[in-house]
Amino acid sequence: MASHDTDGSGHDPQSAAIIAMLREDGRRSYASIAKDVGLSEAAVRQRVQRLIEQGHMQIVAITNPLDDFKLSSLLRIRVSGDVRATAAQIGEIAEVSFCVIVSGDCQVVAEVMCRDGHHLLTVVHESIEALPTVTDVQTMVYLEAVKQTYQWGTWPLGEHYSR
Numbered sequence: 002m003a004s005h006d007t008d009g010s011g012h013d014p015q016s017a018a019i020i021a022m023l024r025e026d027g028r029r030s031y032a033s034i035a036k037d038v039g040l041s042e043a044a045v046r047q048r049v050q051r052l053i054e055q056g057h058m059q060i061v062a063i064t065n066p067l068d069d070f071k072l073s074s075l076l077r078i079r080v081s082g083d084v085r086a087t088a089a090q091i092g093e094i095a096e097v098s099f100c101v102i103v104s105g106d107c108q109v110v111a112e113v114m115c116r117d118g119h120h121l122l123t124v125v126h127e128s129i130e131a132l133p134t135v136t137d138v139q140t141m142v143y144l145e146a147v148k149q150t151y152q153w154g155t156w157p158l159g160e161h162y163s164r
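Residue numbering for the sequence shown follows the numbering used here, beginning at 2 and increasing consecutively.
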């Protein structure tokens, strides 16, 4: 099947529409999607399967991390030595939900999800500061989430984006 990429994503308009509908409601039926995109239910099912197999999308359940982990924090971590290896070690810690290598006055930024202050203290001191290449950790506890999205896909830049 030839792809007629019209939105810059590499997907033809029907596949892009299917992805958008499943992003909005991952449990939406293939029959409902088929009606909206003008394909048969079987064709939608095949496209979804192909998009999943090719790694273009995932259909997953997203739980509310605040159900069990009431304290989220951002850690700014200074490293001396192998930054990639240190970031990889930090990324292996169960409580770390996000870890990136950055530029600036720290080398690694990580987000951690903890049950409470004692749990956070344990993670920072016993797991992160215990790494021999970590020289400093600054902890910023989240007080209020203003925006949080779980969309995986093309950022909706809309009409403000020109190529």
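Idealized CB from N, CA, C, for every residue including glycine.
Exposed unless 16 or more other CB atoms sit within 10 angstroms - verdict on residue i
i, result
"P14", "exposed"
"I53", "exposed"
"Q50", "exposed"
"R85", "exposed"
"A131", "exposed"
"Q55", "exposed"
"V147", "exposed"
Rounded separation between residue i and residue j - CA only
i, j, result
"H119", "S30", "44 Å"
"A105", "I60", "First, the residue type needs correcting, since residue 105 is Gly and not Ala in the sequence shown. Between G105 and I60, the C-alpha separation is close to 35 Å."
"S98", "G92", "8 Å"
"E35", "R116", "Checking the sequence shown, residue 35 turns out to be Ala, not Glu. Taking the straight line joining both Cα atoms gives about 43 Å."
"T140", "S74", "7 Å"
"L169", "T134", "The structure shown has nothing for residue 169, since the chain only spans 2 to 164."
"S128", "H12", "42 Å"
"V113", "Q149", "15 Å"
"A88", "V101", "7 Å"
"I20", "M58", "8 Å"
"V142", "S81", "24 Å"
"R79", "V38", "50 Å"
"E25", "S33", "13 Å"
"L121", "D83", "25 Å"
"L23", "V103", "32 Å"
"V125", "V110", "13 Å"
Residues that residue i bridges to, as DSSP identifies them
i, result
"M58", "For M58, which the question treats as bridged, DSSP gives no partner whatsoever."
"A111", "L76 and C100"
Run of the alpha helix (DSSP H) containing residue i, from where it starts to where it stops
i, result
"Q90", "V84 to G92"
"K36", "Y31 to V38"
"R24", "P14 to E25"
"G105", "Taken as a continuous stretch (DSSP letters only), G105 belongs to no alpha helix (DSSP H), as it is neither H nor E."
"H119", "G118 to T123"
Bounding residues of the beta strand (DSSP E) (the contiguous stretch that carries residue i)
i, result
"T140", "V135 to V142"
Cβ shell of residue i (< 7 Å), same chain only, five flanking positions each side left out
i, result
"K71", "R116 and D117"
"R28", "none"
"L40", "Q15"
"E42", "Y31, A32 and A35"
Cβ shell of residue i (< 6 Å), same chain only, five flanking positions each side left out
i, result
"I94", "S128"
Other residues of its chain near residue i: CB distance less than 8 Å, five sequence neighbours each side excluded
i, result
"V138", "L76, R77, I78, R79, V125, I129 and E130"
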